[in-house]
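A.B. asks:
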Amino acid sequence: MALPAHQPAATGFPQGHVAFSLRKPQAADGAVIHRLIAACPPLDVNSLYCNLLQASHFADCCILAEETGQVVGWVSGYRLPADPRTLFVWQVAVDPAVRGRGLGRHMLTALLARPDLGDITTITTTITPSNRASWALFQGFADSLGAPLRHDAHFDRDCHLAGTQESERLVTIGPLPAMRAVA
Ligand SMILES: CC(C)(COP(=O)(O)OP(=O)(O)OC[C@H]1O[C@@H](n2cnc3c(N)ncnc32)[C@H](O)[C@@H]1OP(=O)(O)O)[C@@H](O)C(=O)NCCC(=O)NCCS
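Numbering of the sequence shown is given in the working numbering, commencing with residue 677 and proceeding in unit increments.
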């Protein structure tokens, strides 16, 4: 899938993100999170109920961004059940109207800077080979932390995704530095 050419915003990073307000989600945010994800292809639109669970059960590992009272950014994640010091980042969604202002990076940095995630040593996510924006986001984030990024085969189009979707690479960032700067 061809992605639009990236045009850095005139405001740039980091000044561009100062207007955004970041917070943990709550259940009442589920519906607006669901709408934001629907506006952010190629993300999978999961059920609204899934977003409700993320915004309530997994709120400590998720972050929501607002600008002038509107929800414009979202990161969902959870600790791996078998390895709780690894944070799996499930989806990152930035409203098309505010892309290129550093919000994706700002949310990931702020999430990881939370005191209750201070024991996280590794971040994982999956990325399709064609999602250039996502690769740039996570590579830039890893670089900003001074942490190595590697990627390996993971969910295969034919074996795991019933031939319906592009394969997903498993991206691993870590080990993370013990002292992390606040975004
Ligand atoms: C991926 C996404 C979250 C990036 O959000 P964003 O706020 O525009 O990203 P940022 O402004 O923080 O940019 C982070 C880095 O990615 C780069 N980047 C962003 N969009 C890009 C694009 N379309 N092509 C190439 N590079 C891109 C930026 O230049 C920046 O690079 P740097 O670290 O060298 O400065 C956003 O494009 C989006 O919501 N896409 C649709 C959903 C999706 O694919 N999510 C990711 C998979 S979970």
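Backbone N, C-alpha and C fix where the C-beta goes; we use that ideal spot for every residue, glycine too. The structure presented is a predicted model; accordingly, all values stated were derived computationally and were not measured.
Of the residues Ala823, Pro760, Pro701 and Val748, which one's Cα is nearest the Cα of Arg777?
C.D. replies: Val748
A.B. asks: What I want to know is whether the C-beta of Gly753 ends up closer than 7 Å to one or more non-hydrogen atoms of ligand 1.
C.D. replies: In this structure, Gly753 has its beta carbon at no less than 7 Å from each heavy atom of ligand 1.
A.B. asks: Roughly how many angstroms lie between the CA atoms of Leu846 and Trp811, to the nearest whole one?
C.D. replies: 12 Å
A.B. asks: Compute the distance between the beta-carbons of Ala741 and Leu793, then report whether it is under 8 Å.
C.D. replies: Contact: no.
A.B. asks: Can you round the beta-carbon distance between Val751 and Val774 to whole angstroms, since I take them to be within the 8 Å contact cut?
C.D. replies: Contact flag wrong, Cβ pair sits at about 14 Å.
A.B. asks: For Asp736, collect the residues of the same chain with a Cβ closer than 8 Å to its Cβ; drop the 5 residues on either side in sequence, then sort them by chain order.
C.D. replies: Lys700, Arg790, Asp792 and Leu793
A.B. asks: What are the complete alpha helix (DSSP H) segments, minimum 4 residues, inside the segment 827-851?
C.D. replies: none
A.B. asks: Shorter than 8 Å from the beta carbon of Leu756 to some beta carbon of chain C?
C.D. replies: Note that chain C does not occur in the displayed structure, where there is just one protein chain.
A.B. asks: Please indicate yes or no: does the CB of Asn807 lie closer than 7 Å to some heavy atom of ligand 1?
C.D. replies: yes
A.B. asks: Measure the CB-CB distance between Ala786 and Ile739 and report whether it falls below 8 Å.
C.D. replies: yes
A.B. asks: Please report the distance separating the alpha-carbon of Ala703 from that of Thr798.
C.D. replies: 27 Å
A.B. asks: Among all the DSSP beta bridges, which residues are the ones paired with Leu740?
C.D. replies: Arg699 and Trp750
A.B. asks: Starting from Asp819, trace the alpha helix (DSSP H) in both directions and tell me its first and last residue.
C.D. replies: Arg808 to Leu821
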